[in-house]
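Encoded as structure tokens, the structure appears first; notes follow it.
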Amino acid sequence: MANLNTPEMKHVSDIIQVLNSGIDFYRDAKDKVDDKQLEQFFDRMLNARRLVKEQLQPFAVQDDGKREEGSALSVEARKVYTKVIGAVSSDKAHTYISQLEEVEDKTLEEIRSALTENQRPQYEAALLQSLATMQECHDEMRALKQSTRH
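Residue numbers (this note's numbering): 1130 to 1279.
This is how it looks when you write it as structure tokens:
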């Protein structure tokens, strides 16, 4: 069992916390928009995040003895900000899309940070697969953000 202070433990927990917060944020955004296509898009993003989270959970369990269920403070703060701006904005959908794209950036940042460390081969492979999935999500969200600009 790895030492709790190893970079691997820190990174897997950080990544899962960002994923958890993003899942909650997408769920919240889905409930706030009135566009069925956008709701379906958010569902796809939710499912991709859940898939990556479940792929990485065994590493959290291996390192810490339990599943990571926490959330990332940086994403939680963004959710609060979005709720405030969304309440006064005439374009709630674009507000959510813009902030969710930032969440995708944060997710990529955490995965890339983990990949700079010397990791066990199985974990590195899972990270690379997660990076590919989350990069696709980011690119789709960025394209959606650009298409909703006024």
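Beta carbons: idealized from backbone N, C-alpha and C, even for Gly. Since we're looking at a predicted model, the values are computed, not measured.
Nearest-angstrom Cα separation, counted from residue j out to residue i
i: Q1248; j: D1193; result: 16 Å
i: Q1184; j: A1255; result: 7 Å
i: N1176; j: K1221; result: 22 Å
i: L1244; j: K1161; result: 35 Å
i: Q1258; j: P1250; result: 12 Å
i: F1170; j: L1180; result: 16 Å
i: M1174; j: R1196; result: 21 Å
i: Q1146; j: R1178; result: 11 Å
i: V1190; j: C1266; result: 26 Å
i: M1270; j: E1253; result: 25 Å
i: I1152; j: Q1186; result: 15 Å
Assigned exposure category for residue i - 16 Cβ within 10 Å defines buried
i: E1198; result: exposed
i: D1143; result: buried
i: K1182; result: buried
i: A1158; result: buried
Proximity below 9 Å, CB of residue i to CB of residue j
i: S1227; j: S1150; result: no
i: E1231; j: M1263; result: no
i: S1242; j: H1140; result: yes
Anticipated Cβ contact below 8 Å, residue i with residue j, distance rounded
i: L1237; j: F1154; result: Not really, about 15 Å apart at Cβ, beyond 8 Å.
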